[in-house]
Each structure stands twice: as structure tokens, then as C-alpha cells.
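Keeping their order, the protein sequence lines are chains A and B.
Residue numbers are given in my numbering: position 23 of the first sequence equals residue 446, and the series is strictly consecutive.
Residue numbers are given in my numbering: position 32 of the second sequence equals residue 33, and the series is strictly consecutive.
Before any comments, here is the structure.
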Amino acid sequence: NVEPRSVPVFPWHSLVPFLAPTQSD
Amino acid sequence: PPVSSPPSPVALPPFFMRGSIIQLADGELKRVEDLKTEDFIQSAEISNELKIDSSTVERIDTGQSPNAVVIQFSVGELKAQVCVEVLVEYPFFVFGQGWSSCCPDRTTQLFELSCAKLCVGDVCVSLTLRSLK
Chain A
424 NVEPRSVPVF
434 PWHSLVPFLA
444 PTQSD
Chain B
2 PPVSSPPSPV
12 ALPPFFMRGS
22 IIQLADGELK
32 RVEDLKTEDF
42 IQSAEISNEL
52 KIDSSTVERI
62 DTGQSPNAVV
72 IQFSVGELKA
82 QVCVEVLVEY
92 PFFVFGQGWS
102 SCCPDRTTQL
112 FELSCAKLCV
122 GDVCVSLTLR
132 SLK
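Shown next as C-alpha cells:
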């Protein structure tokens, strides 16, 4: 029996840059 | 002064390769090339920690590393100025348009991911913490 090769699954938020704005006043 | 955020301009992560499997917040699986604006919006709505922000491209300048560009964004309602240095092929998701990069030909060549040209004025999908509001 051949084990099915596992395919990597990436979470949706990996694809979006995390841009944390500085607090501006 | 603007702050730097990821991504690092060293290398592009593997999930931008055409055919990569992406899991949305509701568990649905999609290929990276099939993602729509609604997928990001709906996933962020489910998330307790993350929210979608609109980041408008204000400037695109040559970066310090080879093949890198510095992109200045205006982020969210506060219009906070954020700069990121990325490789020219790094794709951003533009609202209503899809994947876009500074050098779409190179993105397509390296990752087989169809891209539009990222331009000043484009509004990109980005994330912030809900608690930062």
C-alpha cells in the first residue's frame, strides 16, 4: 500500500501582509 | 517615522506557487490562484483576532537589496504610513482585482501565478489586530 502524499495546506492569513499601523494622534 | 513590517525581501514563501492549497477560516480549501476578495473578507469576519484593513499604495521606490522595492502604504482609517521592502515579484491582493506585483512577469515566471501590475493608488488587502483599533 502506498500512503497518499500529504499536501501542505497553508492558512489564508499567511498570504496577507500583516501591516500594523503605528498609533497616530 | 514609518515602521517596517514583514515580509522580508530574502525569499518568497512557497504558498504563492500556483496550485498551493489555502485553507479559509471556515475550513474551505482553495487554490491560491482561485482566491477572491470575498474569501479574505469572510475569513477575517470569522477571525477573533484579525481584521482586514485597506492599504493604499502611496509610493513605490527602488529597494536597497537587488530586485527589491520599498512600498509605502497608507493603512486603515487612520491612514497610518507603513513601509515594506519586498522582492519585486512579491504579490499583494488588490481589492476587486486579485494578485498584483511590481513585476508581474517575474511573478508569473517564478510562481506561475497570474498577476496584474501593482500601481500607486491600488488598494491592497492587509491585516491588523482587532485590538489595535
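We put the CB at the ideal spot given by N, CA and C, even for glycine.
Which partner residues does residue i have in the DSSP bridge list?
i: B/Ile42; result: Per DSSP, none; premise fails for B/Ile42.
i: A/Pro434; result: B/Gln24
i: B/Gln73; result: B/Arg60, B/Cys84
i: B/Cys125; result: B/Ser56, B/Val95
Would you identify the three-state DSSP class for residue i, choosing helix, strand or coil?
i: B/Val33; result: helix
i: B/Asp106; result: helix
i: B/Arg131; result: helix
i: B/Phe96; result: coil
i: B/Leu111; result: helix
Compute the Euclidean distance between the alpha carbons of residue i and residue j, then round it to the nearest angstrom.
i: B/Phe93; j: B/Lys118; result: 10 Å
i: B/Lys80; j: A/Arg428; result: 45 Å
i: B/Ala12; j: B/Leu88; result: 8 Å
i: B/Asp40; j: B/Gln73; result: 25 Å
i: B/Ser115; j: B/Arg32; result: 13 Å
i: B/Ser44; j: A/Trp435; result: 8 Å
i: B/Glu86; j: A/Val439; result: 15 Å
i: B/Arg28; j: B/Gln82; result: The sequence as given places Gly at residue 28 of chain B; Arg does not occur at that position. Going by the C-alpha atoms only, they are around 33 Å apart.
i: B/Ser132; j: B/Asp35; result: 30 Å
What does a CB cutoff of less than 6 Å around residue i pick up in its chain, not counting 5 residues either side in sequence?
i: B/Leu55; result: The displayed chain sequence assigns Ser, not Leu, to residue 55 of chain B. Closer than 6 Å at the Cβ level, and outside the excluded window around B/Ser55, lie Val124.
i: B/Asn68; result: Leu88, Val89
Which residues in chain D have a C-beta closer than 7 Å to the C-beta of residue i? List them in chain order.
i: B/Thr108; result: Given the protein chain composition of this structure (A and B), no chain D is represented.
Using a Cβ-Cβ cutoff of less than 7 Å, which residues in the same chain neighbour residue i once the five nearest sequence positions on both sides are dropped?
i: B/Pro105; result: Cys116, Ala117, Lys118
Near residue i, which residues of its chain fall below 8 Å by C-beta distance, leaving aside the five closest residues on each side in sequence?
i: B/Leu30; result: Ile22, Ile23, Gln24
i: B/Gly122; result: Thr57, Val58
i: B/Gly77; result: Asp54, Ser55, Ser56, Thr129
i: B/Phe96; result: Thr38, Ser55, Val124, Cys125, Val126
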